[in-house]
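K.L.:
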Amino acid sequence: MIAETIRRHRIPLATAGALAAGSALASIVLITQIGTIAGGVFAGTPHSMLWPAAASLVAMLALSAAAQTFQAHFGAAVISDLRSQLCARFMALDYARLMSNRERIAGALVVDVTRIAQMLLVLPQALFNALVALFCLAYLAWLSWPLLLVLAGFVVISVACALAILRRTEGFFARIREEEDSLFRHFRAIAEAKKELSMNAARAAHFSERVLGRAIRDNEVSLRAANRWLGYTEVWNMAIVYAAILSVAFMGRAYLGQDASQVARFVIASLFLIGPISGLIAAIRQVVAGMSSVRYLRTLGPAFSGPALAASIDPTRFAGWSRLSFRQVEYRYPGDADEFRFGPMDLELRRGEMVFVTGGNGSGKSTLSLLLTGMLAPSGGEVRVDGHALTATDLGDFRQLFTAVFADYWLFDDLLDRRGRSPPQAGIEALLHRLGLDRKVTATDGRLSTLDLSQGQRKRLALTQGYLEDSDIYLFDEWAADQDVEFRRCFYQELLPELKAAGKTLVVITHDDRYFDVADRVVRLEYGQVAADASAV
Ligand SMILES: Nc1ncnc2c1ncn2[C@@H]1O[C@H](COP(=O)(O)OP(=O)(O)OP(=O)(O)O)[C@@H](O)[C@H]1O
Numbered sequence: 001m002i003a004e005t006i007r008r009h010r011i012p013l014a015t016a017g018a019l020a021a022g023s024a025l026a027s028i029v030l031i032t033q034i035g036t037i038a039g040g041v042f043a044g045t046p047h048s049m050l051w052p053a054a055a056s057l058v059a060m061l062a063l064s065a066a067a068q069t070f071q072a073h074f075g076a077a078v079i080s081d082l083r084s085q086l087c088a089r090f091m092a093l094d095y096a097r098l099m100s101n102r103e104r105i106a107g108a109l110v111v112d113v114t115r116i117a118q119m120l121l122v123l124p125q126a127l128f129n130a131l132v133a134l135f136c137l138a139y140l141a142w143l144s145w146p147l148l149l150v151l152a153g154f155v156v157i158s159v160a161c162a163l164a165i166l167r168r169t170e171g172f173f174a175r176i177r178e179e180e181d182s183l184f185r186h187f188r189a190i191a192e193a194k195k196e197l198s199m200n201a202a203r204a205a206h207f208s209e210r211v212l213g214r215a216i217r218d219n220e221v222s223l224r225a226a227n228r229w230l231g232y233t234e235v236w237n238m239a240i241v242y243a244a245i246l247s248v249a250f251m252g253r254a255y256l257g258q259d260a261s262q263v264a265r266f267v268i269a270s271l272f273l274i275g276p277i278s279g280l281i282a283a284i285r286q287v288v289a290g291m292s293s294v295r296y297l298r299t300l301g302p303a304f305s306g307p308a309l310a311a312s313i314d315p316t317r318f319a320g321w322s323r324l325s326f327r328q329v330e331y332r333y334p335g336d337a338d339e340f341r342f343g344p345m346d347l348e349l350r351r352g353e354m355v356f357v358t359g360g361n362g363s364g365k366s367t368l369s370l371l372l373t374g375m376l377a378p379s380g381g382e383v384r385v386d387g388h389a390l391t392a393t394d395l396g397d398f399r400q401l402f403t404a405v406f407a408d409y410w411l412f413d414d415l416l417d418r419r420g421r422s423p424p425q426a427g428i429e430a431l432l433h434r435l436g437l438d439r440k441v442t443a444t445d446g447r448l449s450t451l452d453l454s455q456g457q458r459k460r461l462a463l464t465q466g467y468l469e470d471s472d473i474y475l476f477d478e479w480a481a482d483q484d485v486e487f488r489r490c491f492y493q494e495l496l497p498e499l500k501a502a503g504k505t506l507v508v509i510t511h512d513d514r515y516f517d518v519a520d521r522v523v524r525l526e527y528g529q530v531a532a533d534a535s536a537v
């Protein structure tokens, strides 16, 4: 994914790099000119050297500013590109994997994208610094080989130390990233658990001190350790640079027999190494943090390390279905402590039927609805459409048969039909009126005026969206549970029969036994098995 992003934005990146290299060249010319003026090794007056040096300065400034422009372009493009790619990958993840990673999504899109982008952003600057350092070293070699050898010895020590510290901090950054995810989860609780926390001071104190406070403090410890080691790298490397320059001056004068002007010019040019070297050391921070995010994203699964996923959906592929069947379908939740086992289950759903599904809490009704709609792939057995056993690659097309209002449904603030268009205004208004929402909500070009409604009203809005989708199969998971008596009656005795009359197939999870007579069949589940499957009387 990272390589793909760099490839896509190679032109601004290469341009920023080339401009940075040009600017590095101008700055090294300037350094040599400063050295020449300071050392007095030129023909004519110092004024004759001033204009060329000023020209180098202006060139360096212009090239650096241009490099920054391309760098800013590259940085912004990389952030939005990585975000789009990550969003697409999260959206393409299958339901089971997404559910087990949902706490990590916000962190990945905010923290990891920013860290990776910052790591990529330092590339042109690091190139600039590396080139200035290299040019500087070449110039130093030209000034004096023996003195350069003294300096080079220190550079080797410095690089070796930086690499060792880099390895030392990798573990800290991995831990910091894990801790940030748990912090994000606790931050969410501040808003989402507001009511529970407000009504229980002891719980609020426990959360604030023991849960949130501890997570913040743990993260502080890891941050401190990581930054301490990175700080040591900076301090140590700067000390080495100064020690190197001191040694050059000392060795040059005391042992190597270099003349004073030679050593002075070498020392002045060496001082120009400090800027690029500290820039390179600072870049290490970004690289360590960025690489920890790359490694972290890889832990989210193969979807994050391979090429972009291409999903093409054919919504009409199963449109002519007449029979859906479960053949010995089984499902085991990963890591389920109480070892709930769904199935093996045989079940059949015929086109145009209205089936009610009932059963006690934890009997497997919601699991059945997720398997039936293709949100979960069975761990064993087959789901068949008219005898065709669905494979993992069929599920995307298969899911297009359904509209479902699950217990944990999501309400969008715009209404769309199955083709992604805004439905006609008159149709929307008629539906809002039918569902008793017309005095609460209006729609303009399909956009709803508000979602701030009661639980029951929000579910009616979810049903409005469902109607507009005009799907083959409707699944409702305890839809009527939040409705008042009149709407509950309306749902079972008017809306469901109307949908059936319009040729829809209906699967209704319900405990409302007084309306069971509306169904064609009532399926009762117990412990993940069909305990009864009978025509309603
Ligand atoms: N996300 C999950 N992870 C692990 N196990 C789960 C998960 N969801 C459900 N289960 C397991 O599956 C069992 C059946 O859950 P399911 O939600 O299908 O029951 P249900 O009949 O819909 O219950 P309810 O009437 O309470 O909504 C649960 O007892 C639990 O053991």
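First residue of the sequence shown? That's 1 in UniProt numbering, and the numbers climb one at a time after it. No residue lacks a Cβ here, since even glycine has one placed at the ideal position from N, Cα and C. Bear in mind that the values here come from a model prediction, so they are computed numbers and not experimental data.
Runs of 4 residues minimum, wholly inside the segment 387 to 433: which ones carry the alpha helix (DSSP H) assignment?
P.N.:
395 to 399
K.L.:
Just mark arginine 221 as buried or exposed, buried being the case when its beta carbon has 16 or more other beta carbons within 10 Å.
P.N.:
Reading the sequence as shown, one finds valine at residue 221 and not arginine. It counts as exposed.
K.L.:
Does DSSP put serine 270 in a helix, a strand or coil?
P.N.:
helix
K.L.:
Is the beta carbon of histidine 9 sitting closer than 8 Å to the one on valine 78?
P.N.:
yes
K.L.:
My parser needs the beta strand (DSSP E) runs of 3 or more residues fully inside the segment 86 to 164; what are they?
P.N.:
none
K.L.:
If you follow the alpha helix (DSSP H) that alanine 532 is part of, which residue opens it and which one closes it?
P.N.:
Unbroken run through alanine 532 is the beta strand (DSSP E), 529 to 535; no alpha helix (DSSP H).
K.L.:
Taking only three categories from DSSP, how would you classify glycine 275?
P.N.:
helix
K.L.:
Which whole-angstrom value describes the C-beta separation of glycine 381 and glutamine 328, a residue pair presumed to lie in contact below a C-beta threshold of 8 Å?
P.N.:
4 Å
K.L.:
My guess is that tyrosine 527 and leucine 499 are in contact by the Cβ rule of under 8 Å, so how many angstroms apart are they, rounded?
P.N.:
That pair is no contact at about 31 Å.
K.L.:
May I have the straight-line CA-CA distance separating leucine 495 from proline 378, to the nearest angstrom?
P.N.:
32 Å
K.L.:
How many Å lie between leucine 197 and phenylalanine 207 at the Cα?
P.N.:
8 Å
K.L.:
How big is the Cα-Cα spacing for phenylalanine 90 and arginine 97?
P.N.:
9 Å
K.L.:
Tell me, to the nearest whole angstrom, how far the beta carbon of tyrosine 331 is from that of leucine 376; I am working on the premise that it is less than 8 Å.
P.N.:
Between the beta-carbon of tyrosine 331 and that of leucine 376 there is about 6 Å, and that keeps the pair under the 8 Å contact cut.
K.L.:
Would you check if the segment 175 to 186 and the segment 234 to 242 touch, i.e. whether three or more CB-CB distances between them fall below 8 Å?
P.N.:
no
K.L.:
Any idea what DSSP makes of isoleucine 313, helix, strand or coil?
P.N.:
coil
K.L.:
Just confirm the distance between the C-beta atoms of methionine 60 and alanine 26, as a whole number of angstroms; I'd bet it's less than 8 Å.
P.N.:
4 Å
K.L.:
Round the Cβ separation of glutamine 529 and methionine 345 to the nearest angstrom and send it over; I've been treating them as touching at under 8 Å.
P.N.:
7 Å
K.L.:
With respect to 7 Å, is the separation between the Cβ of asparagine 361 and the closest non-hydrogen atom of ligand 1 below this value?
P.N.:
yes
K.L.:
Determine, using beta-carbon pairs with one atom in the segment 154 to 163 and one in the segment 243 to 251, whether at least three such pairs fall under 8 Å.
P.N.:
yes
K.L.:
Which partner residues of alanine 443 appear in the DSSP bridge assignment?
P.N.:
Leu448
K.L.:
Could you say which of Gly39, Ala55 and Ile11 lies nearest to alanine 260 if we only look at CA atoms?
P.N.:
Gly39
K.L.:
Looking only at DSSP bridge pairs, what is serine 84 linked to?
P.N.:
DSSP lists no partner for serine 84.
K.L.:
Starting from arginine 203, trace the alpha helix (DSSP H) in both directions and tell me its first and last residue.
P.N.:
201 to 206
K.L.:
Give the C-beta separation of glycine 456 and glutamine 483 to the nearest angstrom, bearing in mind that I take them to be a contact with Cβ-Cβ under 8 Å.
P.N.:
5 Å
K.L.:
Does the distance between the C-beta of tyrosine 333 and the nearest non-hydrogen atom of ligand 1 fall short of 7 Å?
P.N.:
Tyrosine 333 Cβ: within cutoff of ligand 1.
K.L.:
Does the distance between the C-beta of glycine 374 and the nearest non-hydrogen atom of ligand 1 fall short of 7 Å?
P.N.:
no
K.L.:
Could you pull out every residue in the same chain whose Cβ sits closer than 7 Å to the Cβ of valine 263, ignoring the five residues on either side in sequence?
P.N.:
Ala249, Gly252 and Arg253
K.L.:
Measuring straight from C-alpha to C-alpha, what distance separates residue 561 and asparagine 101?
P.N.:
Limits of the chain in this structure are 1 at one end and 537 at the other, which puts residue 561 out of reach.
K.L.:
Three or more beta-carbon pairs under 8 Å between the segment 54 to 73 and the segment 17 to 24, yes or no?
P.N.:
yes
K.L.:
Compute the distance between the beta-carbons of arginine 177 and tyrosine 296, then report whether it is under 8 Å.
P.N.:
yes
K.L.:
Taking only heavy atoms of ligand 1 into account, decide whether any of them is closer than 7 Å to the Cβ of phenylalanine 340.
P.N.:
Annotation for phenylalanine 340 indicates a beta carbon within 7 Å of some heavy atom of ligand 1.
K.L.:
Pull up the distance between the alpha-carbon of glutamine 425 and that of methionine 119, whole angstroms please.
P.N.:
Using only the alpha carbons, I get a separation of about 49 Å.
K.L.:
Between which two residues does the alpha helix (DSSP H) holding glutamine 465 run?
P.N.:
455 to 469
K.L.:
Can you tell me whether DSSP reads methionine 345 as helix, strand or coil?
P.N.:
strand
K.L.:
Is the CB-CB distance between leucine 415 and isoleucine 428 below 8 Å?
P.N.:
yes
K.L.:
Flag threonine 5 as yes when its Cβ comes closer than 7 Å to any non-hydrogen atom of ligand 1, and as no otherwise.
P.N.:
no
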